[in-house]
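See structure below.
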């Protein structure tokens, strides 16, 4: 029986091992400067912060600790978004891993949690879009320099997340009761075969359903929509089963184009955690 | 800066990710009932026991805890031998990671450590050969049932290890100052390229130098010698660089024959830990 922190760490590892995951690092693919080993080291480093969350630590402090540990490798940002989902889920698992409990965890976040969320950006470069002009003092890329502005405005971490929607589907999970994370867990449980294959299937299904917001922010909404449409076409004809070469080719093409659906990977990691905790999947 | 426990966990993950590792699970290969995901879960589960060792816990108790956690997956024995090397190395790293200090850690083991070593066999089936008749009461496969015999004879864990040599090259490390583990670390530091490639190179070099004792115990000494000779031939002509297909073919052939050089993988994991701790390699 694994603890919630151990299951969260395992979810990070199973996520990166799942293959094919078009555009992302997976068991078969590295990017040029971001390799499989960086994700392994990121998962190792995140453990202490996940333990803090499991032991009832504040969400913001646990998140900052997890990110600081995750960032102790040379690949850069590997699992920032995944940890932003996993920390409240692990915190909820202390009591019960359900949508209402994790929503309550998010609602209970404070200004101090928001401040620690900003401090987490000091540890690693995270790709985010420019904020609107009136939000410039709250630009997350300012990291801890933005903390006074956060405190002046009295914003909680949930307030920050709600200001990031739409446009960031990790933040959207905080607002929408982790809807996609729980659905991904159900999909993992319903899928067949080894976990690496199930993870690939759930990744592709989630990629098909909503344009990836990291892709949209980096490459534009048209590219994000194109990627979702092509994933939908592959899902529609059950290509992972009937035409795996087509999915591999799609995976290679996205890597070559530098299109990395990182938000969808974050949802998959959260889904893996929920499914492991509920013993809906097993390793 | 990762802690020794985190580096030991990362060493387990980097070891299984290294590819090609002829005959073993690696980033590209699963065995029929033993898959990559089982090694990921084994490394996750081992963390608490590794933390115990890092915090100064007794070697036997930390090892038993690490094995109990490692065994919490359905693949069976994934990293028993690796942990038998890593636990004393992590314990030594509290003071200094050198041959004399880890030898002192091993010399300081007690009868209680030996008893906990036997208890670790209750958690997982480990392949070992039949003992000589006078050693039957000390057969490790008896697990905790052998503890009274261990206590009657007043054997320490180092005594048990010295009785397993020759025949078990994990135990031999305990007797020989972790000679191969430290050498593997030097080889990792001297190698080029991404860590997965370096791990493969060091694995092949170690496989070439001594017949793998797990292979010898399972398939006979002639097979172990044949595998070592063929590895030596590949090393001799620098096949990982000049003829990678030949190494891949050797890897597939050993998997097909059920020949799994697990002892050599344990040495590689120990070498990865030492190299990480000394910052001779970086992720």
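Chains as they are written, first to last, in full-length UniProt numbering: chain A, 1 to 283; chain B, 1 to 283. Positions of the beta carbon are idealized from the N, C-alpha and C atoms, including for glycine.
Using the beta-carbon count (16 or more within 10 Å), is residue 120 of chain A buried or exposed? By one-based count along the first chain, residue 120 of chain A stands at place 120. Residue 120 of chain A counts as buried, since no fewer than 16 other beta carbons sit within 10 angstroms of its beta carbon.
Give the residues from the stretch 8-30 of chain B that approach chain A closer than 7 Å (Cβ to any Cβ), ordered along the chain. Listed in sequence order: 9, 10, 13, 14, 17 and 27.
Does any CB atom of chain A fall closer than 7 Å to the CB of residue 280 of chain B? Residue mapping note: residue 280 of chain B aligns to position 280 of the second chain, counting from 1. Residue-level contact check: residue 280 of chain B does not touch chain A, since none of the beta carbons of chain A fall below 7 Å from its beta carbon.
Starting from the C-beta of residue 171 of chain A, find all residues in its chain whose C-beta is less than 7 Å away, skip the five residues before and the five after it, and write them out in chain order. As a first step, residue 171 of chain A must be located in the first chain, where it is residue number 171. In the same chain as residue 171 of chain A, and ignoring 5 residues on each side of it, the C-beta atoms closer than 7 Å to its own belong to 161, 164 and 165, in chain order.
In terms of residues, what are the limits of the alpha helix (DSSP H) holding residue 196 of chain B? Your numbering for residue 196 of chain B matches position 196 in the second chain. If you look at residue 196 of chain B, you'll find it in the alpha helix (DSSP H) that goes 195-209.
Taking a contact to mean a Cβ-Cβ separation below 7 Å, would you say residue 154 of chain A touches residue 118 of chain A in this structure? As a working mapping, residue 154 of chain A is identified with position 154 in the first chain. As a working mapping, residue 118 of chain A is identified with position 118 in the first chain. Cβ atoms of residue 154 of chain A and residue 118 of chain A: not closer than 7 Å.
State yes or no: is the beta carbon of residue 41 of chain B nearer than 7 Å to at least one beta carbon in chain A? Locating residue 41 of chain B in the second chain gives position 41, counting from the first residue. Chain A, which has a Cβ nearer than 7 Å to the Cβ of residue 41 of chain B, makes this yes.
Roughly how many angstroms separate the alpha carbons of residue 104 of chain A and residue 58 of chain A, rounded to a whole number? For the purposes of this step, residue 104 of chain A is taken as the residue at position 104 of the first chain. For the purposes of this step, residue 58 of chain A is taken as the residue at position 58 of the first chain. Rounded to the nearest angstrom, the two C-alpha atoms are 13 Å apart.
Do you know offhand how far residue 208 of chain A's Cα is from residue 102 of chain B's? As a working note, residue 208 of chain A is residue 208 in the first chain. As a working note, residue 102 of chain B is residue 102 in the second chain. A direct Cα-Cα distance of roughly 53 Å separates residue 208 of chain A from residue 102 of chain B.
Nearest to residue 52 of chain B (by Cα), restricted to the options B:255, B:5 and B:74: What you label residue 52 of chain B is simply residue 52 of the second chain in a count that begins at 1. Among B:255, B:5 and B:74, the Cα nearest to that of residue 52 of chain B is on B:5.
Inter-residue spacing [alpha-carbon to alpha-carbon] between residue 146 of chain A and residue 205 of chain B: On the first chain, residue 146 of chain A is found 146 positions in, with the first residue counted as 1. On the second chain, residue 205 of chain B is found 205 positions in, with the first residue counted as 1. Rounded to the nearest whole angstrom, the CA to CA distance from residue 146 of chain A to residue 205 of chain B is 52 Å.
From which residue to which residue does the alpha helix (DSSP H) around residue 236 of chain A run? The residue you call residue 236 of chain A lines up with position 236 of the first chain. Per DSSP, residue 236 of chain A belongs to the alpha helix (DSSP H) from 221-236.
Give the residues of chain A in contact with residue 93 of chain B, contact being defined as C-beta atoms less than 8 Å apart. For the purposes of this step, residue 93 of chain B is taken as the residue at position 93 of the second chain. Those within 8 Å of residue 93 of chain B in chain A number zero; the least Cβ separation is about 16 Å.
Buried or exposed (CB count within 10 angstroms, at least 16 for buried), residue 75 of chain B: As a working mapping, residue 75 of chain B is identified with position 75 in the second chain. By the neighbour-count rule (16 or more Cβ atoms within 10 Å), residue 75 of chain B is buried.
Taking a contact to mean a Cβ-Cβ separation below 7 Å, would you say residue 83 of chain A touches residue 66 of chain A in this structure? Here residue 83 of chain A refers to the residue found at position 83 when the first chain is read from its first residue. Here residue 66 of chain A refers to the residue found at position 66 when the first chain is read from its first residue. Yes, these two residues count as a Cβ contact at 7 Å.
Going by DSSP, name the residue or residues bridged to residue 159 of chain B. Counted from its first residue, the second chain places residue 159 of chain B at position 159. According to DSSP, residue pairing for residue 159 of chain B in a beta bridge does not occur.
Helix, strand or coil for residue 29 of chain A, going by three-state DSSP, please let me know. For the purposes of this step, residue 29 of chain A is taken as residue 29 along the first chain, with counting starting at 1. Residue state, collapsed to three classes: strand.
Separation of residue 28 of chain A from residue 265 of chain A, as counted between CA atoms: Taking the first residue of the first chain as position 1, residue 265 of chain A is located at position 265. Taking the first residue of the first chain as position 1, residue 28 of chain A is located at position 28. Between the C-alpha atoms of residue 265 of chain A and residue 28 of chain A there is a straight-line separation of about 15 Å.
Alpha carbon to alpha carbon, how far is residue 247 of chain B from residue 234 of chain B? Give it in angstroms, no decimals. Numbered from its first residue, the second chain carries residue 234 of chain B at position 234. Numbered from its first residue, the second chain carries residue 247 of chain B at position 247. Approximately 7 Å, taken between the alpha carbons.
Measuring only between beta-carbons, confirm whether residue 51 of chain B sits less than 7 Å from chain A. In the second chain, counting from the first residue as 1, residue 51 of chain B sits at position 51. Proximity of residue 51 of chain B to chain A, defined by a Cβ-Cβ separation below 7 Å, is not satisfied.
What first and last residue would you give for the alpha helix (DSSP H) that runs through residue 275 of chain A? As a first step, residue 275 of chain A must be located in the first chain, where it is residue number 275. Start and end: 262-277.
Beta carbons nearer than 9 Å to chain A: which residues of the stretch 189-215 of chain B have them? So the close ones are 194, 195 and 196.
At 4 residues or longer, what runs of the alpha helix (DSSP H) sit wholly inside the stretch 75-133 of chain B? Given a length threshold of 4 residues, each whole run of the alpha helix (DSSP H) inside the stretch 75-133 of chain B is given here in chain order: 80-93, 99-107 and 111-120.
Minimum C-alpha distance to residue 60 of chain B - residue among B:178, B:89 and B:184: Mapped onto the second chain, residue 60 of chain B falls at position 60. The residue among B:178, B:89 and B:184 with its C-alpha nearest the C-alpha of residue 60 of chain B is B:89.
Simplified DSSP assignment, three categories, for residue 191 of chain A: Here the question's residue 191 of chain A lines up with position 191 in the first chain. DSSP places residue 191 of chain A in coil when its eight states are reduced to three.
Would a C-beta distance cut-off of 7 Å place residue 260 of chain A and residue 23 of chain A closer than the cut-off? Numbered from its first residue, the first chain carries residue 260 of chain A at position 260. Numbered from its first residue, the first chain carries residue 23 of chain A at position 23. It is a contact, given that the beta carbons lie within the stated cut-off.
Simplified DSSP state of residue 176 of chain B, which is helix, strand or coil: In the second chain, counting from the first residue as 1, residue 176 of chain B sits at position 176. In the three-state DSSP reduction, residue 176 of chain B falls in the coil class, being neither helix nor strand.
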